[in-house]
DNA sequence: CAGTGGTCTAGACCACGGT
DNA sequence: CCGTGGTCTAGACCACTGG
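Protein chains in written order, with my numbering: chain A, 2 to 234; chain B, 2 to 234.
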């Protein structure tokens, strides 16, 4: 079979994955070294290196210095999950997006939150509740705490005009975050706000964000009944 | 401030993210070209290129030929989700893992599934139900369909001895997949199998896998009450 | 058409970590 | 120790796309 004049790292990726799929290199197999693959494919080592690095990022192979590159045993199912701002999620469904601030209050950070995110006891926080709707129907209820110490000018933000997510994205562009998904029952004010039967299962996403180790905000996003979050890989 | 003798792509990434965080480069700003950044940092273009490529992968900047590199507006919250095999999930919790096959039957692919995954009408499938337990307590109920046409030797697999996931991973190492998360009520046999109150909200993960466009398997993994799936980024 | 990112090369040095 | 991957360099050609 003819070889392209120039070998791309894509070619190497395809060749390697193909050999893994066809069992030429079963799980756990030690792959040839980068230098050997260079020779085989007739390309520079940087090209092989990039191919193997990407496969490693995808969890297809595992690499260790000195020991070499192996076909992953039990590759974790690894998905990249893009969670767009709700605004966009709704519009991507082809629906009209509306947003309403329900409540806004300065509070002391509740104890459960303090423990969960590593904030100081009773640190002042802004507590917000807001409803995101699609074509006028409730789509997602957002409950959020923002630590005022982390973003002092949050006191001046007008959350009737801009969603907390968008304000924060503009204000604190970067951070570390942790996400948790769960199923919760519709209780408290959820049935009326989300138009759900009492006790109905609702999908919830919780996200905590830190800026250089200091907690910034925690949000609970509870979706309308039947909502599914999707990802491909 | 002193510059290291050799500039790493990590240095560039930190420098760029730092400028974005500090509003030197607000959202939407056009960054200097790779060549300009090379000159500024005193390194090769490949180094700058790798730094910007990784930032682009992370959704921090967006790149387009000819127009250049810009700070992303509304960066999507992008998480990498590793879903290990249940076996490992349980053991990572420090619990003893057990597995039991509940049912196994050859069926015609149900109509709803056919439509969802693009399989042929009435294609023969293997339908499996299995329970994964942690320290003897129900942890996850797995309901799976495997299209026999895609993996003919599935008929000889002994799913009492090996979990469907692990068998499939060994048999069909690669594929495209789609995942959906949702909250469902405990109905049918779920309450008794997962030790849940009838109607209780349960977290469910659905995954469909294809091999080169042909559907291979669909699985519904329903977790015990209260389970949370977590990710960091 | 021309500017910008996308990629490859050939060579080099280095850090990690088995043996 | 020394093999393997991790990374940087300096230079080059190419592909896409905005003006």
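Where a beta carbon is used, it is the ideal one built from N, C-alpha and C, also for glycine.
Since we're looking at a predicted model, the values are computed, not measured.
Bounding residues of the beta strand (DSSP E) (the contiguous stretch that carries residue i)
{"i": "residue 107 of chain B", "result": "98 to 109"}
{"i": "residue 182 of chain B", "result": "177 to 186"}
{"i": "residue 63 of chain B", "result": "62 to 65"}
{"i": "residue 207 of chain A", "result": "202 to 212"}
{"i": "residue 82 of chain A", "result": "78 to 84"}
{"i": "residue 126 of chain B", "result": "125 to 135"}
{"i": "residue 216 of chain B", "result": "215 to 224"}
{"i": "residue 231 of chain B", "result": "230 to 233"}
{"i": "residue 146 of chain A", "result": "138 to 148"}
{"i": "residue 70 of chain B", "result": "69 to 72"}
Chain A within 9 angstroms of residue i, Cβ atoms only
{"i": "residue 50 of chain B", "result": "no"}
{"i": "residue 185 of chain B", "result": "yes"}
{"i": "residue 72 of chain B", "result": "yes"}
{"i": "residue 230 of chain B", "result": "yes"}
{"i": "residue 140 of chain B", "result": "no"}
{"i": "residue 214 of chain B", "result": "no"}
{"i": "residue 181 of chain B", "result": "yes"}
{"i": "residue 97 of chain B", "result": "no"}
{"i": "residue 165 of chain B", "result": "no"}
{"i": "residue 75 of chain B", "result": "yes"}
{"i": "residue 40 of chain B", "result": "no"}
{"i": "residue 233 of chain B", "result": "yes"}
{"i": "residue 145 of chain B", "result": "no"}
{"i": "residue 66 of chain B", "result": "no"}
{"i": "residue 61 of chain B", "result": "yes"}
{"i": "residue 69 of chain B", "result": "no"}
Span of the alpha helix (DSSP H) around residue i
{"i": "residue 10 of chain B", "result": "10 to 22"}
{"i": "residue 51 of chain B", "result": "46 to 58"}
{"i": "residue 168 of chain A", "result": "165 to 172"}
{"i": "residue 151 of chain B", "result": "Element bounds for residue 151 of chain B: n/a, residue is neither H nor E."}
{"i": "residue 161 of chain B", "result": "No alpha helix (DSSP H) holds residue 161 of chain B; DSSP gives it neither H nor E."}
{"i": "residue 115 of chain A", "result": "112 to 118"}
{"i": "residue 87 of chain A", "result": "87 to 93"}
{"i": "residue 194 of chain B", "result": "191 to 195"}
{"i": "residue 41 of chain A", "result": "35 to 42"}
Chain B within 9 angstroms of residue i, Cβ atoms only
{"i": "residue 119 of chain A", "result": "no"}
{"i": "residue 177 of chain A", "result": "yes"}
{"i": "residue 218 of chain A", "result": "no"}
{"i": "residue 11 of chain A", "result": "no"}
{"i": "residue 92 of chain A", "result": "no"}
{"i": "residue 112 of chain A", "result": "no"}
{"i": "residue 135 of chain A", "result": "no"}
{"i": "residue 174 of chain A", "result": "yes"}
{"i": "residue 171 of chain A", "result": "yes"}
{"i": "residue 208 of chain A", "result": "yes"}
{"i": "residue 43 of chain A", "result": "no"}
Expected contact under 8 angstroms - CB spacing of residue i and residue j to nearest Å
{"i": "residue 233 of chain B", "j": "residue 179 of chain A", "result": "5 angstroms"}
{"i": "residue 155 of chain B", "j": "residue 127 of chain B", "result": "6 angstroms"}
{"i": "residue 131 of chain A", "j": "residue 158 of chain A", "result": "Actually they are not in contact, since the Cβ atoms of residue 131 of chain A and residue 158 of chain A sit about 12 angstroms apart, beyond 8 angstroms."}
{"i": "residue 147 of chain B", "j": "residue 218 of chain B", "result": "5 angstroms"}
{"i": "residue 181 of chain B", "j": "residue 207 of chain B", "result": "5 angstroms"}
{"i": "residue 8 of chain B", "j": "residue 56 of chain B", "result": "The Cβ separation is near 16 angstroms, so there is no contact."}
{"i": "residue 61 of chain B", "j": "residue 71 of chain B", "result": "Their Cβ separation, rounded to whole angstroms, is 10 angstroms, which puts residue 61 of chain B and residue 71 of chain B out of contact at 8 angstroms."}
{"i": "residue 202 of chain B", "j": "residue 199 of chain A", "result": "The Cβ separation is near 12 angstroms, so there is no contact."}
{"i": "residue 135 of chain A", "j": "residue 94 of chain A", "result": "6 angstroms"}
Best match in the options for proximity to residue i [C-alpha to C-alpha]
{"i": "residue 42 of chain B", "options": "B:146, B:29, B:84, B:13", "result": "B:13"}
{"i": "residue 49 of chain A", "options": "A:26, A:37, A:216, A:20", "result": "A:37"}
{"i": "residue 29 of chain A", "options": "B:213, B:171, B:47, B:229", "result": "B:171"}
{"i": "residue 69 of chain B", "options": "B:60, B:34, B:16", "result": "B:34"}
{"i": "residue 104 of chain A", "options": "A:19, A:213, A:124, A:161", "result": "A:161"}
{"i": "residue 143 of chain A", "options": "A:81, A:165, A:169, A:135", "result": "A:165"}
{"i": "residue 227 of chain A", "options": "A:111, A:211, A:187", "result": "A:187"}
{"i": "residue 163 of chain A", "options": "A:129, A:118, A:140", "result": "A:129"}
{"i": "residue 221 of chain B", "options": "B:145, B:99, B:81", "result": "B:145"}
Residue i CB to nearest heavy atom of the ligand NAD below 8 angstroms
{"i": "residue 117 of chain A", "result": "Ligands are entirely absent from the displayed structure, and the ligand NAD is therefore not among its contents."}
Legend entry - Residues of the region 77 to 90 of chain B whose Cβ lies closer than 9 angstroms to any Cβ of chain A, in chain order: 77, 78, 79, 80, 81, 82, 83, 84, 85, 86, 88, 89
Inset, instruction - Taking a Cβ distance cut-off of 7 angstroms, strictly less, list which residues of the region 7 to 34 of chain A are near chain B, in chain order. - result: 18, 21, 22, 28
Inset, instruction - Taking a Cβ distance cut-off of 9 angstroms, strictly less, list which residues of the region 186 to 204 of chain A are near chain B, in chain order. - result: 186, 187, 200, 201, 202, 203, 204
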